[in-house]
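In this note's numbering, the protein residues as written are 37 to 101.
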């Protein structure tokens, strides 16, 4: 896809072994994370990173919203 850094906000959820961002618009986004942000699970966050494919983001950072 693109190498541009983008930001998305929503609720961070854990589904099986994966982390997803349930976007503010309701769209789920699978996240590829270098670190596991367990403190943010179930909370509103903003993630920054690059899209690897539609619906899949490589995350550079996670912060509480």
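Backbone N, C-alpha and C define an ideal beta-carbon position, used for all residues, glycine too. Predicted model, so just to flag it, every value in this text is computed and none were measured.
Check	Outcome
Cutoff 7 Å; reference residue 56; Cβ partners in own chain excluding five residues on either side	49, 64, 65, 66 and 67
For residue 47, the nearest candidate out of 86, 74 and 90 (CA to CA)	74
Beta-carbon spacing of residue 83, residue 95 below 7 Å	yes
Which residues DSSP lists as bridging residue 69, in chain order	Residue 69 is not bridged to any residue.
Limits of the beta strand (DSSP E) - the one that residue 60 falls within	Residue 60 -> no beta strand (DSSP E), and no H or E assigned at all.
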